[in-house]
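Asks: For the sequence shown, my numbering assigns the number 4 to the initial residue and increments by one for each residue that follows.
Got a structure for you, written out below as structure tokens; questions coming shortly.
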Amino acid sequence: MKKIYTLLFAVAMIAICASSAMATTTTYAGTLDVTMNNAPLAEGQAANVQITVTGEGVCTFSLPNFQIALEPGGTPMPLGDIVVENVTMTTENGTTTYNGTVDDLVLSMMDIMEIHAGVEINGTTTDAGAANMTIDVIWFIDYPDNTETMPIGVTFTAPEGSATVGVENIAADNAAAVYGTRGAINVTGYEGRVDVYSIAGQLVNSQIIGSNSQIAMPQGVYIVKIANNATKVIVK
């Protein structure tokens, strides 16, 4: 009977994780390398990439506050957010592969002119929190005629451990961040009870925490439950 209850609980937790994933955003902190017409414009530019799961095997890719300089070493100009919806996701052996396109993304150059571009996203993330993304941007200079284009190549790289997972904090109506580090689970932006389960559904830790807390845990994969949301966390 105990095994049946454990199995039913594990199924329920998987269901919670699946429903929570619909509103879960993973942020990767890394760097951008940018080229225009295959000429380098910027290297090692700090940036974040966000992956928001919107359905089974589907997500929205975001590169907030994208900036480019028109010449190497020049002053970067803000263009806005690169957002690609309905990006396909496939996961195998701890690596998730992404592919998606948008035909007409509208950006704004210093609020002076609109930029229209086609965008293609390809890349991978890993369970260890690393990311490698290629963002191919084709700027339609002569929009809407589109007879003249300018290719802008963007490569995003984030090391292992760079990912943070934001889950909705229903009680406080704001966002919490839950992520694993070496020997601990970190929770920020949330106050209240946190339940930690093994991947088999066994409760292994339960604490009432403050707004920024660290829960010591041995290496492994856990399900962290906050309010009505749950997310998978890897402790190294």
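The beta carbon of each residue, even a glycine, is placed where N, CA and C say it ideally should be.
Quantities reported herein were computed from a predicted structural model and do not represent experimental measurements.
1) Helix, strand or coil, according to DSSP, for Met80 in the structure here?
2) Please state whether the Cβ-Cβ distance between Val140 and Val181 is less than 8 Å.
3) Could you check the C-alpha separation between Tyr146 and Ala120 for me, to the nearest Å?
4) Tell me which same chain residues have a C-beta within less than 7 Å of the C-beta of Glu46, skipping the five on either side of it?
5) Measuring straight from C-alpha to C-alpha, what distance separates Leu110 and Ile138?
6) If I follow the unbroken beta strand (DSSP E) through Tyr225, where does it start and stop?
7) Among Ala219, Ser209, Gln210, which one has its Cα closest to the Cα of Arg185?
8) Please state the DSSP three-state secondary structure of Gly213.
9) Examine the Cβ distances between the stretch 94-102 and the stretch 67-82 and report whether three or more of them are shorter than 8 Å.
10) Pick from Arg196, Glu95, Leu206, Gly132: whose alpha carbon is nearest that of Ile226?
Replies: Walking through what the data contain:
1) As a first step, residue 80 is located in the sequence shown; it is residue number 77 there, counting from the start. The answer is strand: DSSP assigns Met80 an E or B state.
2) Within the sequence shown, numbered from 1, the residue matching residue 140 stands at position 137. Within the sequence shown, numbered from 1, the residue matching residue 181 stands at position 178. No, the Cβ-Cβ distance between Val140 and Val181 is not below 8 Å.
3) Looking up residue 146 in the sequence shown gives position 143. Looking up residue 120 in the sequence shown gives position 117. Looking at the two C-alpha atoms, the distance is approximately 9 Å.
4) Taking the first residue of the sequence shown as position 1, residue 46 is located at position 43. Cβ neighbours of Glu46 within its own chain (closer than 7 Å, five residues either side excluded): Asp36.
5) As a first step, residue 110 is located in the sequence shown; it is residue number 107 there, counting from the start. As a first step, residue 138 is located in the sequence shown; it is residue number 135 there, counting from the start. One C-alpha to the other measures close to 15 Å.
6) For this step, residue 225 is matched to residue 222 along the sequence shown. Unbroken beta strand (DSSP E) run through Tyr225: 223-229.
7) Locating residue 185 in the sequence shown gives position 182, where the first residue counts as 1. Of the listed residues, the one whose Cα sits closest to Arg185 is Ala219.
8) Here residue 213 refers to the residue found at position 210 when the sequence shown is read from its first residue. Coil.
9) Short answer: they don't touch.
10) Walking along the sequence shown from the start, residue 226 turns up at place 223. Ranked by Cα distance from Ile226, the first of Arg196, Glu95, Leu206, Gly132 is Leu206.
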